[in-house]
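A.B. asks:
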Amino acid sequence: MSVIAIIPAAGIGQRMGAEVPKQYLTLLGKSILEQSVLALLADTRVQQVFIAVQPDDPYFSAQTNLSNHPQVVRVPGGASRAQSVLHGLAAAQALHGPDTLALVHDAARPGLSKKLLTALLDQAQQVPERGVVAAVPAWDTLKQTNKHGQVQTLDRSLVWHAFTPQIFPLQALLDAMMKAERAGVNVTDEASAMEFMGVSPILLEAEQQLRKITCPDDLIMVEALLKAQPQPTENGVEHS
Numbered sequence: 034m035s036v037i038a039i040i041p042a043a044g045i046g047q048r049m050g051a052e053v054p055k056q057y058l059t060l061l062g063k064s065i066l067e068q069s070v071l072a073l074l075a076d077t078r079v080q081q082v083f084i085a086v087q088p089d090d091p092y093f094s095a096q097t098n099l100s101n102h103p104q105v106v107r108v109p110g111g112a113s114r115a116q117s118v119l120h121g122l123a124a125a126q127a128l129h130g131p132d133t134l135a136l137v138h139d140a141a142r143p144g145l146s147k148k149l150l151t152a153l154l155d156q157a158q159q160v161p162e163r164g165v166v167a168a169v170p171a172w173d174t175l176k177q178t179n180k181h182g183q184v185q186t187l188d189r190s191l192v193w194h195a196f197t198p199q200i201f202p203l204q205a206l207l208d209a210m211m212k213a214e215r216a217g218v219n220v221t222d223e224a225s226a227m228e229f230m231g232v233s234p235i236l237l238e239a240e241q242q243l244r245k246i247t248c249p250d251d252l253i254m255v256e257a258l259l260k261a262q263p264q265p266t267e268n269g270v271e272h273s
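Counting from 34, one number per residue, gives the positions in the sequence shown under our numbering.
(1) Can you name the residues that DSSP bridges to Trp193?
(2) In chain order, what are the residue ranges of uninterrupted alpha helix (DSSP H) at least 4 long that sit wholly in the region 66-122?
(3) Quick check on this structure: which residue in Arg244, Leu154, Gln104 and Val218 has the alpha carbon closest to the alpha carbon of Asp139?
(4) Which word fits His120, buried or exposed, when buried means at least 16 other C-beta atoms lie within 10 angstroms of its C-beta?
(5) My assumption, with CB atoms under 8 Å, is that Leu252 sits in contact with Leu71. Please give the rounded CB distance.
(6) Please state the DSSP three-state secondary structure of Leu187.
(7) Run through DSSP, which three-state label would Ile246 get?
(8) For the region 187-206 and the region 230-244, state whether three or more C-beta atom pairs, one from each stretch, are separated by less than 8 Å.
(9) Take the Cβ of Thr221 as the centre, count every other Cβ of all protein chains shown within 10 Å, and call the residue buried at 16 or more, exposed below.
(10) Taking the beta strand (DSSP E) that Glu52 belongs to, which residues open and close that run?
(11) Closest to Ala127 by CA distance: which of Thr247, Leu207 and Ser146 is it?
(12) Is Gln199 near Ala141, with beta carbons less than 8 Å apart?
(13) Which word fits Gly164, buried or exposed, when buried means at least 16 other C-beta atoms lie within 10 angstroms of its C-beta?
(14) Please determine if the region 103-113 and the region 181-191 are in contact, where contact requires at least 3 C-beta pairs separated by less than 8 Å.
(15) Counting only C-beta atoms, is Leu153 closer than 8 Å to chain B at any point?
(16) For the alpha helix (DSSP H) containing Glu286, name the first residue and the last one.
(17) From this set, Gln87, Pro88 and Ser69, which residue's C-alpha is nearest Val79's C-alpha?
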């Protein structure tokens, strides 16, 4: 199955408190968005990356490594993350056949390793009807409350934090998100739309470096984690 990627990047990231949207902040010499895109293109199975940005976004065009990249397609972003993903799916559907996997990835998760991406794509191609979601097990003790303020402790061995990438068949995901939207379902990620359709996605454990950059502390943490990873040299030998 062929693979396309979609990155919803139309948000402004208010919690970051920066002068520019967080996806355009610099991380290790490149913008966060560029780091995320290059991580996806590290696997040759990813044919195109559809990036949903606001129509009046002045920053994307300045990212010439992205805006001029032959595998990058700009699409208009929506008022919500789900709408941006829908725009990307619709654009991809017009260009790719039915036997296509759609990989959705957050712009602010630049820490995607090639090892994890390979594992996710392998799994998705083996069991496309279920799809696959990058996730990490919950470590902390988790509490749940109800409207009466009653508290209970959840079994954390059963709880995962959903990350991205999330990979599903393009047409199935497009249909699921459209139906969920019409039904008034709060689609917080692609898996929630597929779950609404009765699909039980496979969870594949991700590294902590894949955490989402939401606030300044996250940027510091992700940068430190990435710096600690071995980096390839020109002759292919890795060094720290």
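For every residue, glycine included, the Cβ atom is placed at its ideal position computed from N, Cα and C.
C.D. replies: Reading off the structure:
(1) Pro170
(2) 97-100
(3) Arg244
(4) buried
(5) Leu252 to Leu71, Cβ: 18 Å. No contact.
(6) coil
(7) coil
(8) yes
(9) exposed
(10) That residue, Glu52, is in no beta strand (DSSP E); it is neither H nor E in DSSP.
(11) Leu207
(12) no
(13) buried
(14) no
(15) Protein chain content of the structure displayed is limited to a single chain, and chain B is not contained in it.
(16) The shown model of the chain, from 34 to 273, leaves out residue 286, and the question about it has no answer.
(17) Ser69
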